[in-house]
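Residue numbers (my numbering), protein chains in the order written: chain E, 156 to 483; chain R, 121 to 384; chain Z, 229 to 661.
The structure appears right after this line, and notes come after that.
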């Protein structure tokens, strides 16, 4: 399968020159210079924006994490250094470990849920006829296009203890008992489940549409060949579809990981991290420290710790990708 | 099929939104829910259209989102070309860095970002807001386009080259069509990111005439509680045109690809 | 594509970036200079003072001073984040409305201008209502002036009460309980509340707490100490839970903050009474126009001090001036203007809120309608939250709502919940800012 030799796709120097300019053979010195200039020019627009809007504030964030930066500092511009004070405050906080742990498995279950359901949907979409596909696409894009602020408020409405239709339906079905006035957000398990479902509802459309886009690119001959070999549905999926989807799946996984790790709006609107701090994950904690407690220094320290933790995790992931022969 | 049952989870909230948006206020607040609005009312939609700033925030959101899509697609395409078609030192580092900057909780980045924009005099300007969104969208776009670049078999390019096709033609007739699904996915993502953001717009824009739709929507949630009828009707109006637009774009493009014969 | 094409494309792209940043760069300062001329930028909160009144006030100000007032209406959602960032810019709004409980946050941290020396210039500043002026004073310095206050009182459905045979509002807590019992016996639906009190509605719960002599926190040797575990507080909390559980639906215990508006629950006929500010009458009549003329009101009678009224939480707003305002003289003029006798009277007439000073409140009391009077009566005995920046932390993280909601659910004992909340109060109120 073509994926395995993806190394070939990165052209070597001569190929690069060929792609850029076929007609003009180049001397060694000029070739070396242009090896840098063209990609540099291509990268510049994105690079400039990213440095200004992401990298520069990021450096500032690291500075703030070593400062006693609260509202007083923000308004007056007079800032005092705090050394490792903010980090010590974070690490000695009784919330630190539970929040870390909760964030990890919250992210893991979300990524798993979204990717698996997304793949199911993509596989289903391939089989749908055009009309059904439009209907299904409509629903997926709609779920995605409702602004998260609104869909979260709507979720609260669906799961409302008194007026929520979910409680009413469960009670009518009767299998799970009487859910009248059941407060989903009142217990940790209920609140986490509600948030999890909302996140899945919002995020699966992206996964499904992306995977479907990739799946629609698979050449029919591959399937025909596999079918001739007498392979059945699951075997075909495993031996043809999956290898082809692998780069997209890796990508979707890693991006979902980042997004879910940083979940904020949904939790903040539904529970504000409650009940009793039971749904507080790192991003909520950082916001609470920064904006509720007005300690931007501690908020920044949490962000830096989070960033490092995620970097370590993804670096490991990227390395194992490389080892498995996948091009980064 | 399991997926069919799963679909219900996506269908039901949408159905419930539409259903609720046509109910009268007392009927929304019923402990025994109504599965069809009776009496049927347009009251909530009237409230939406007559609420101050609806039109200005709609125009703001639309124009900012379109600008963000246009610029980020072009910039991401250029950057991805550099990162996939050229072999230079530091390529991997750049890719990892691009991934890494996304990992910082955006809520924590809000204050440094605000300070940076304040010092650059970019607050309360559409351009500043658009710039912030483009930066949010770019890393993702680059990564996703990269995936699509990689899924193009080299053999196709080689075959075309053997047939004597020039670089420009290869880009136009092979890369572009094959990258289209990726470009669509990216543009949908870019659009929705700009369309969806709440907190950045809230903090950056001082004048209410410069607000975007999410901020306007949140105004249905007041100190006294949430006007669910208005909120939901607003959300439907909000989501419907975008959905239909992307549906049309997507269908035409998918058709274009399959009729182009690239799929073989 | 030739190299040249790529380079050109990138150059165009680069130019776009420059253009974008360039545009923004010049736009900011220009906006800022505008306010140097006779223009004053004022932030008011949405849904408070009606548009017509705002226009009338700004027109008058223009007539007096020649200054154009540019008003921006702000939403309550996310307002602190918005104010924090706005106050940190070089081009902030000159004057802004700030919720009374949040004023200390900005006063103590240097976001607002110290106006202590002008205090005597403000109308009736000696008799400002404690619930509004208290939070505006930090370290014995004054940082804001009262705009208007909203006390809470009971609103009831006259028709429903008459059906149960009650024709006059109760004058004692016992009479109130008798009335509610009677109504309860006639409406057996499980989601009906004789008096709807959401557990998360901590403003109302505070009335019971303070009525029994309890309090949230007090200052001991410069440090704030949570007071919920004192015997008086525990008594008050117990009385609140008992009352809530008895007269409000089971659902109201678990309803989340931001759940259905109690005024809507009331207007939809699911409750015969609620405790709310007078402003919510508008919501009631919008939801159910048939209730026009059918809504009565009375101040909550005290449970522990017969003959008195229960202390009521005072919501409301102050007006402060941004430290970075480039227009401080005009800003000060506007503060004096909006707290003046005539403008206050105009705001009161338009909103039904109580004026900022007790002197004016007493003077206007006979002139206002029967419905609004009990709310003004309640304003005289008002509760204000601890005047320290840390209180905003508690409101932001939602812990008061969480605490009272958990109390009404009764899954944990009052003592243990009070203890936990005390710890949280101690931490939040004594944090540096």
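Just so it is clear, CB atoms sit at the ideal spot from N, CA and C, and this is done for glycine as well.
#1: Who are the Cβ neighbours of residue 338/E in its own chain at under 6 angstroms, not counting the five residues just before and after it?
#2: Using only alpha-carbon positions, find the residue among 356/E, 452/E, 454/E and 433/E that is nearest to residue 256/E.
#3: Looking at the unbroken beta strand (DSSP E) that takes in residue 540/Z, where does it start and where does it end?
#4: For residue 335/Z, collect the residues of the same chain with a Cβ closer than 6 angstroms to its Cβ; drop the 5 residues on either side in sequence, then sort them by chain order.
#5: Between residue 653/Z and residue 448/Z, what straight-line distance do the alpha-carbon atoms span, to the nearest angstrom?
#6: Taking only beta carbons into account, state which residues of the region 473-488 of chain Z come closer than 9 angstroms to chain E, listed in chain order.
#7: For residue 231/E, return the contacting residues in chain Z, with the cut-off set at a CB-CB distance below 7 angstroms.
#8: Residues of the region 317-329 of chain R in Cβ contact with chain Z at a cutoff of 7 angstroms, in chain order, please.
#9: Any beta-carbon of chain R closer than 9 angstroms to the one on residue 498/Z?
#10: For a cutoff of 9 angstroms on Cβ pairs, would you count residue 180/E as touching chain R?
#11: Assuming contact is defined by CB atoms lying nearer than 9 angstroms, are residue 136/R and residue 313/E in contact in what I supplied?
#12: So, do the region 305-316 of chain Z and the region 229-247 of chain E have three or more beta carbon pairs nearer to each other than 8 angstroms?
#13: Put residue 172/Z into one of helix, strand or coil per three-state DSSP.
#14: Around the Cβ of residue 368/R, are there at least 16 other Cβ atoms within 10 angstroms (buried) or fewer (exposed)?
#15: Closest to residue 598/Z by C-alpha separation, out of 514/Z, 506/Z, 459/Z and 402/Z, would be which residue?
#16: Which same chain residues end up closer than 6 angstroms to residue 361/Z when comparing Cβ atoms and leaving out the 5 residues on each side of it in sequence?
#17: List, in order along the chain, the chain R residues whose C-beta lies closer than 7 angstroms to that of residue 210/E?
#18: Taking DSSP as the reference, what is the three-state secondary structure of residue 376/Z?
#19: Mark residue 390/Z as exposed unless 16 or more other C-beta atoms lie within 10 angstroms of its C-beta, in which case mark it buried.
#20: Alpha carbon to alpha carbon, how far is residue 550/Z from residue 393/Z? Give it in angstroms, no decimals.
#21: Sort out for me which residues DSSP pairs residue 525/Z with in a bridge.
#22: Mind checking whether residue 305/R and residue 361/E have CB atoms under 9 angstroms apart?
#23: Could you check whether the Cβ of residue 90/R sits closer than 9 angstroms to any Cβ belonging to chain E?
#24: For residue 371/Z, which of helix, strand or coil comes out of DSSP?
#25: Report all residues from its chain with a CB closer than 7 angstroms to the CB of residue 354/E; omit the five preceding and five following residues, and keep chain order.
#26: Comparing C-alpha positions only, which one of 302/Z, 488/Z, 600/Z and 432/Z sits nearest to residue 579/Z?
#27: Give the DSSP-derived three-state secondary structure of residue 426/Z in the structure shown.
#28: What are the partner residues of residue 268/Z, as DSSP defines its beta bridges?
#29: Run down chain Z in chain order and give the residues with a C-beta less than 8 angstroms from the C-beta of residue 211/R.
#30: Classify residue 287/E: buried if its beta carbon has 16 or more other beta carbons within 10 angstroms, exposed otherwise.
#31: I want to verify the contact list: residues of chain Z whose CB lies under 8 angstroms from the CB of residue 338/R, in sequence order.
#32: Return the chain-ordered ranges of every alpha helix (DSSP H) run that is complete within the region 311-360 of chain R and spans a minimum of 4 residues.
#33: So the alpha helix (DSSP H) residue 255/E belongs to, where does it begin and stop?
#34: Using DSSP with H/G/I as helix, E/B as strand and the rest coil, what is residue 354/Z?
#35: Would you report the Cα separation of residue 236/E and residue 302/Z, rounded to the nearest angstrom?
#36: In whole angstroms, what is the alpha-carbon distance linking residue 243/R and residue 237/R?
On the basis of the supplied data:
#1: 316
#2: 433/E
#3: 540-549
#4: 366 and 371
#5: 14 angstroms
#6: 477, 478, 479, 480, 481, 482, 483, 484, 485, 486, 487 and 488
#7: 338
#8: 322, 323, 326, 327 and 328
#9: yes
#10: With a pLDDT of 38 at residue 180/E, under the threshold of 50, the modelled position of this residue cannot be trusted; read the value that follows with caution. No, no contact with chain R.
#11: yes
#12: yes
#13: Any property of residue 172/Z remains undetermined from this structure, which presents chain Z solely from 229 to 661.
#14: exposed
#15: 506/Z
#16: 374
#17: 221
#18: strand
#19: exposed
#20: 55 angstroms
#21: 383/Z
#22: yes
#23: With chain R running from 121 to 384 in the structure shown, residue 90/R is simply not present.
#24: coil
#25: 265, 415, 418 and 421
#26: 600/Z
#27: coil
#28: 297/Z
#29: Within 8 angstroms Cβ-Cβ: nothing; residue 211/R doesn't reach chain Z, min ~17 angstroms.
#30: exposed
#31: 303, 305 and 306
#32: 319-324 and 333-338
#33: 251-282
#34: helix
#35: 35 angstroms
#36: 6 angstroms
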